[in-house]
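A.B. asks:
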Amino acid sequence: MALFGPPNVARLDAKGNIDGLVRATRYKDPEVAEQARRALEGYLDTIIERLQTRNIVQLNTAREALVAVGRPARDRLVFILREGHLHRRQDAAYVLGLMKDPEAVEPLCMAMHNPDPLLRLIVVEALGKIGDPAAIDTLRRAVGDVDPKVAGAARKVLRKMGALPGGK
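Shown next as structure tokens:
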């Protein structure tokens with residue numbers, strides 16, 4: 003018998019131990035990791051609320067949890083990206099980039115119409131992490147953004163994607 007066994011997902015879930023469940027999603031046994039991922043779905047509201055913390059450890063755990071949850075979290079984040087307050091939209095865009103889900107490209111592209119330059123910058127970086135060619139037109143328009151940081155980030159992403167005309 004091994005000294006340390008697999009995480010007890012049922013116990014972690016019963017205690018509401020989100021941090022433990024996030025760690026369990028990294029466990030080597032895919033069945034245990036999937037049980038933990040499914041358990042995290044039940045804490046989606048709590049996890050999304052954690053995005054507002056100033057504690058960097060809790061913030062990173064919340065981001066990792068949302069990435070692990072996948073589609074249900076993505077759908078909620080897309081809603082926040084469209085309807086939430088500015089800082090919530092920024093958080094949503096950042097996490098959608100971490101998810102690298104091509105389904106998030108269209109809502110992220112729509113968010114480029116927001117007047118906030120920081121949100122647009124985060125969106126450009128998120129689109130770069132996803133790397134989907136469907137974002138190329140939006141990124142090309144972003145090269146002409148009035149904010150030089152947004153324009154520069156768009157050039158960098160397009161270069162990385164091999165889609166910058168003229169090799170600039």
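Under my numbering, the first residue of the sequence shown carries the number 3, and numbering increases by one thereafter. Cβ atoms here follow ideal geometry from the backbone N, Cα and C, with glycine treated the same way. All values derive from a computational prediction rather than experimental measurement.
#1: Could you tell me the distance, in whole angstroms, from the CA atom of valine 159 to the CA atom of valine 97?
#2: Anyone know if the C-beta pair for valine 152 and arginine 122 falls short of 7 Å?
#3: I'd like to know whether the C-beta atoms of valine 69 and leucine 100 end up nearer to each other than 7 Å.
#4: Here's a check: name, in chain order, each residue in its chain whose Cβ is nearer than 6 Å to the Cβ of isoleucine 82, leaving out the five neighbours to either side.
#5: Compare the beta carbon distance of aspartate 118 and leucine 141 with 7 Å and say whether it is the shorter of the two.
#6: Once you ignore the five residues that flank glutamine 92 on each side, which residues in its own chain have a CB closer than 7 Å to its CB?
#7: Looking at the structure shown, is arginine 1 part of a helix, part of a strand, or coil, going by DSSP?
#8: Under a three-way DSSP split, which group does aspartate 149 fall into?
#9: So methionine 131 is in the alpha helix (DSSP H); what residue range does that whole segment cover?
#10: Tell me the DSSP secondary structure of alanine 4 in three-state form.
C.D. replies: Judging by the given coordinates:
#1: The straight-line gap from Cα to Cα measures roughly 17 Å.
#2: Note that the C-beta distance between valine 152 and arginine 122 is below 7 Å.
#3: Yes, these two residues count as a Cβ contact at 7 Å.
#4: The beta carbon of isoleucine 82 sits closer than 6 Å to those of Arg90, Ala94, all from its chain and outside the five residues before and after it, given in chain order.
#5: Taking 7 Å as the Cβ cut-off, aspartate 118 and leucine 141 do not qualify as a contacting pair.
#6: Taken in chain order, the residues that qualify are Leu120, Leu121, Ile124.
#7: Limits of the chain in this structure are 3 at one end and 170 at the other, which puts residue 1 out of reach.
#8: It is coil, neither helix nor strand.
#9: Going by the sequence as given, residue 131 is lysine instead of methionine. Here the alpha helix (DSSP H) through lysine 131 covers 119–132.
#10: With a pLDDT of 45 at alanine 4, under the threshold of 50, the predicted position of this residue should be treated as unreliable, though the coordinate-derived value follows. In the structure shown, alanine 4 sits in coil (DSSP, three-state: anything other than H, G, I, E or B).
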